[in-house]
Structure formats: structure tokens, C-alpha cells
Amino acid sequence: MTTQHAGTAGEVFVAFLKLGLTSFGGPVAHLGFFRTAFVERRRWLDEAAYADLVALCQFLPGPASSQVGIAIGKQRAGYPGAIAAFVAFTLPSVVLLLAVASGAALLGGPLAAGALHGLKVAALAVVAQAVWAMARTLTPDTARRGVALAAGLIALVLPSPVTQVTIIALAALAGLARPVAGPDLPLRPPTRGDLFWLIGFLALLAGLPLLALGGDPAVGLIDRMYRIGALVFGGGHVVLPLLEADFVAPGLIGRDAFLAGYGAAQAVPGPLFAFAAYVGALQTGPPNGLAGALLALSAIYLPSFLLVFATLDWWQGLRTNRRLRHGLDLANAAVVGLLLAALIDPLLLDTVGGWTDLAWAAAALVLLVRRVSPPLVVLLSAATGVTTALASGLG
Numbered sequence: 405m406t407t408q409h410a411g412t413a414g415e416v417f418v419a420f421l422k423l424g425l426t427s428f429g430g431p432v433a434h435l436g437f438f439r440t441a442f443v444e445r446r447r448w449l450d451e452a453a454y455a456d457l458v459a460l461c462q463f464l465p466g467p468a469s470s471q472v473g474i475a476i477g478k479q480r481a482g483y484p485g486a487i488a489a490f491v492a493f494t495l496p497s498v499v500l501l502l503a504v505a506s507g508a509a510l511l512g513g514p515l516a517a518g519a520l521h522g523l524k525v526a527a528l529a530v531v532a533q534a535v536w537a538m539a540r541t542l543t544p545d546t547a548r549r550g551v552a553l554a555a556g557l558i559a560l561v562l563p564s565p566v567t568q569v570t571i572i573a574l575a576a577l578a579g580l581a582r583p584v585a586g587p588d589l590p591l592r593p594p595t596r597g598d599l600f601w602l603i604g605f606l607a608l609l610a611g612l613p614l615l616a617l618g619g620d621p622a623v624g625l626i627d628r629m630y631r632i633g634a635l636v637f638g639g640g641h642v643v644l645p646l647l648e649a650d651f652v653a654p655g656l657i658g659r660d661a662f663l664a665g666y667g668a669a670q671a672v673p674g675p676l677f678a679f680a681a682y683v684g685a686l687q688t689g690p691p692n693g694l695a696g697a698l699l700a701l702s703a704i705y706l707p708s709f710l711l712v713f714a715t716l717d718w719w720q721g722l723r724t725n726r727r728l729r730h731g732l733d734l735a736n737a738a739v740v741g742l743l744l745a746a747l748i749d750p751l752l753l754d755t756v757g758g759w760t761d762l763a764w765a766a767a768a769l770v771l772l773v774r775r776v777s778p779p780l781v782v783l784l785s786a787a788t789g790v791t792t793a794l795a796s797g798l799g
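Numbering (the working numbering), first residue to last: 405 to 799.
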């Protein structure tokens, strides 16, 4: 399948800005929101193509949900679309976190806790709907259902970013081993453009530490953020402790300020990687403030852009090869299993504290199944959380 640019960067920006304002719940929930917005509602791509993008971005280091957004933006409107998708999806969380960094707002108290709980309940419902819909499409036979269940079980027993990558890789290899009837299409080698982005990724990974030896604090900030973005698997929940090790331990940001921002990052919509902007803004020395925020944010996301640009078009070409199609079919089934595991742990275990929460999540799921707008369901769930907290306080 060749990449088609059927839209405009402005169209992509508007679509992703809505998601950036309403996508609470972390990377797993984001994938559910993306699926609803771009597979079900706008039909920019079909279920299998979306699952292929998720599988690709699970292989790549960095924030998988943001990478899926970048890939969707590029397929829709080329390189401008990729940038528009990233900026629009990330901007709301960056603005909110910088407001916290400037002291304009600090999230706390029972009402804020109630709202956050409501958002987590909504995220649980969104992911449950996505897992069900993807399972119906991507696990139509016994073999693929078995792969999905096995992947989910292994992910629950051995929770680790390395486990996720290994599961997808093993599923893909099992699919590749299946026999293909008749001759198959030859594989297209990477183009010069693909290699250009890949070489750029590797050159920066090797070269920035050498440049940082010069002692320039701006280069040091870029080096630390680029290295984290280039080497971490598992998304925001993994990158936050790494940021703490790289910035709190050496005294580049105060521990109290870091922890306050960590709490805020759990409550704002959009990607958790946006927390890098908060860290860059609150460095004890320059570059800090807005300049530090922009440098940190750009550096931690740059590896994602380079890797998506290096692999996306080649990946689409690989999808047309029948043997590789078998591999992708099982990899997609494994992705369903991984999403199911994430639905159980952490979303279900961290969110549901009793029958009331379970009924609440079920009601949100019913609204989504009846095609009530996901942003509206999110807002209603947050309002329910605030109301519940207020009633508890009065009682």
C-alpha cells in the first residue's frame, strides 16, 4: 500500500487538538481514542492498517501513542501533517504543565482527586471498547484468539516493556514461519529517504554525548532528553523515573518541584512525555523557562520523528508481502492481547475500588457503545467524580 496524502495539515491539526484536549488516561487510553477518532469516525484508515501502526510503534523506542499520532498525520498530510499532529496533540498538556511550573496552578484537594478518578474511569471504558472492537476484527479465528490470550497472560505475569516487544516479535516470527501458497511479491529494500532518517537518528545518538563533553548546558539538556527518548520503551510511565534520575539526582531540578509536576502530569490530557517541558522549564540554571521547555520537549520527541519517518513508508510496503502479512496478522493479535493486559493492569486494578466504580465504568462503556462522543463521556465522568467527592465532603 502506498502512502496517500488525502488531507491537509490544518485538518490534521484540528482533529488532533480535540484529542489533545480530551485524551486522558495515558498511552493505552490514547490508542483507544485514536482508534475511535480515525478508524471509526473519520475513516482515515481501516482497522488492520491502524493495528499495523500500533504494532510498528510498539517496536520503536519512545512514546508509542504519540508515534502513532505522528504516523497518522504523515499518512494523511505528509511531513506537515506529522508535525501538525504532534503539535496539536501535545500542546494542551504542555500549556497546562507550564502553568503548573510557573505557579499559576497546582492540582490538589478532594475535588481534583475526584475529577482525576472520573477521568480514569472514562479511560477504562474507552480502552474496554477498543479492545472489544479490535478483537472482533483482528482475532477472527481460533489461532489468533489463542495468540491474543497468550500474549495477554504473559504480559500480566511478566510486566515489562521488554516483554511487550518480545511478545510482538515472537508472534510475528511465528507468522513468518507459516507456509505461503505460490510465489510471493519481492520485498522492497529501504529507500535513500528511509536510510537518511535512520542514519540521522544514529548519528545524533552517538554524536550528542561527544558534543555534551564541551560543557554547554543547552547541549547537555538536548543530549539527556534525546537519549531518554531514543532508548526507553514503555512510554510515559517509564520515562518519568528516568527523568528523575537524570535531573533530580544531579540537582538540575528540585525534588519537590519535580514531584508536584509528576502529580500534575497524571491529571492533564495528552502524552506524559510532555512532562519533559515542565522539567526543562524548571531547571535550576539555564536553559530554563520557555526556552528550556521547548528544547527539552523537542529533544525528547526528535527520536520518535526520525524513527517513524525512517520506517513508516517501508513498513507500508512490507504489508503487501503475503508472508509478512501472516507475521503482521499474528503481531496484531498479540497487540490485542497486550491491550487486554493493560486494560486489566493497570487500568482496572488501579481504577475500580468496588461495585460502584464497576457500575460507573459500565455506564460509561454503554454510552460509548451507543456512539456518544468520547470527549463528552470523559467530561461527564470527570463531573461525576467531582460531584461524588463533593457529596462525600458534605456527608
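Glycine included, every Cβ here is placed at the ideal spot set by N, Cα and C.
For residue i, I'd like the list of residues in its chain whose CB is within less than 7 Å of its CB, leaving aside the five on either flank, ordered along the chain.
{"i": "Ser-708", "result": "Gly-466, Pro-467, Ser-470, Gln-471, Ile-474 and Gly-633"}
{"i": "Pro-673", "result": "Gly-424, Leu-425, Thr-426, Ser-427, Phe-428, Pro-496 and Ser-497"}
Rounded to a whole number of angstroms, what is the C-alpha to C-alpha distance between residue i and residue j?
{"i": "Leu-771", "j": "Val-781", "result": "7 Å"}
{"i": "Thr-374", "j": "Gly-518", "result": "Because the chain is modelled from 405 through 799, residue 374 falls outside the range shown and cannot be assessed."}
{"i": "Leu-615", "j": "Ala-685", "result": "22 Å"}
{"i": "Val-652", "j": "Ile-626", "result": "16 Å"}
{"i": "Leu-730", "j": "Phe-420", "result": "A small fix is needed here, since residue 730 is His in this sequence, not Leu. Roughly 32 Å separates the two Cα atoms."}
{"i": "Leu-855", "j": "Ser-506", "result": "Missing from the structure shown is residue 855; the chain here goes from 405 to 799 and no further."}
{"i": "Leu-609", "j": "Gly-758", "result": "47 Å"}
{"i": "Ala-578", "j": "Arg-727", "result": "11 Å"}
{"i": "Ala-509", "j": "Ala-503", "result": "For Ala-509, the predicted model reports a pLDDT of 42, less than 50, meaning its position is unreliable and no value from the coordinates is stated."}
{"i": "Leu-495", "j": "Ala-453", "result": "26 Å"}
{"i": "Ala-481", "j": "Leu-449", "result": "13 Å"}
{"i": "Ala-763", "j": "His-521", "result": "14 Å"}
{"i": "Gly-477", "j": "Ala-787", "result": "32 Å"}
{"i": "Ala-516", "j": "Ala-573", "result": "41 Å"}
{"i": "Ala-433", "j": "Ala-537", "result": "14 Å"}
{"i": "Asp-650", "j": "Ala-410", "result": "42 Å"}
{"i": "Arg-540", "j": "Leu-710", "result": "33 Å"}
Identify which residue in the options has its Cα closest to the Cα of residue i.
{"i": "Asp-733", "options": "Ala-649, Val-623, Arg-582 and Thr-791", "result": "Arg-582"}
{"i": "Phe-677", "options": "Thr-426, Ser-702, Leu-663 and Val-584", "result": "Ser-702"}
{"i": "Gly-597", "options": "Phe-651, Phe-713 and Ala-529", "result": "Phe-713"}
{"i": "Gly-414", "options": "Gln-462, Phe-490, Ala-453 and Gly-436", "result": "Phe-490"}
{"i": "Leu-783", "options": "Thr-494, Leu-612 and Val-530", "result": "Val-530"}
{"i": "Ala-575", "options": "Ala-555, Ser-564, Pro-594 and Pro-593", "result": "Ala-555"}
{"i": "Leu-528", "options": "Asp-761, Tyr-682, Met-629 and Leu-500", "result": "Asp-761"}
{"i": "Thr-715", "options": "Gly-485, Phe-600 and Leu-425", "result": "Phe-600"}
{"i": "Gly-550", "options": "Pro-750, Ala-737 and Ala-671", "result": "Ala-737"}
{"i": "Val-636", "options": "Asp-749, Ala-488, Ile-657 and Ile-704", "result": "Ile-704"}
{"i": "Asp-754", "options": "Thr-595, Ala-441, Glu-648 and Lys-524", "result": "Lys-524"}
{"i": "Asp-620", "options": "Gly-689, Leu-646, Ser-564 and Glu-648", "result": "Gly-689"}
Excluding the five sequence neighbours on either side, which residues of its own chain have a C-beta within less than 8 Å of the C-beta of residue i, listed in chain order?
{"i": "Ala-559", "result": "Thr-567, Gln-568, Ile-571, Gly-741, Leu-742, Ala-745 and Ala-746"}
{"i": "Ala-532", "result": "Leu-747, Ala-765 and Leu-769"}
{"i": "Ala-488", "result": "Ala-413, Gly-414, Val-416, Phe-417, Phe-420, Gly-477 and Ala-481"}
Report all residues from its chain with a CB closer than 6 Å to the CB of residue i; omit the five preceding and five following residues, and keep chain order.
{"i": "Ser-796", "result": "none"}
{"i": "Leu-612", "result": "Asp-627 and Tyr-630"}
{"i": "Val-498", "result": "Ala-678 and Ala-681"}
{"i": "Lys-422", "result": "none"}
{"i": "Ala-661", "result": "Leu-686"}
Worksheet item: In chain order, which continuous runs of the beta strand (DSSP E) of length 3 or greater are located wholly inside the segment 695-728?
Response: Note on the segment 695-728: there is no whole beta strand (DSSP E) run with a minimum of 3 residues.
| said: I'd like to know if the segment 691-709 and the segment 660-671 are in contact, where contact means that at least 3 CB-CB pairs between them fall below 8 Å. | reply: No, the segment 691-709 is not in contact with the segment 660-671.
Q.
Suppose only complete runs of 4+ residues qualify. What are the alpha helix (DSSP H) ranges in the segment 457-527, listed by chain order?
A. Listed in chain order, the complete alpha helix (DSSP H) runs (minimum 4 residues) inside the segment 457-527 are 468-505.
(message) Going residue by residue through the segment 562-646, where are the continuous alpha helix (DSSP H) segments of at least 4 residues, counting only ones entirely within it?
(response) Those alpha helix (DSSP H) runs which fall completely within the segment 562-646 and span 4+ residues are 565-580, 596-616 and 621-635.
### Query
Touching or not, the segment 440-448 and the segment 545-554, by the rule of three or more beta carbon pairs under 8 Å?
Because the criterion of three Cβ pairs below 8 Å is not met, the segment 440-448 and the segment 545-554 do not touch.
Check: Can you give, in chain order, each stretch of the alpha helix (DSSP H) that sits fully within the segment 767-799 and has at least 4 residues?
Finding: Within the segment 767-799, the complete alpha helix (DSSP H) runs of at least 4 residues are 778-798.
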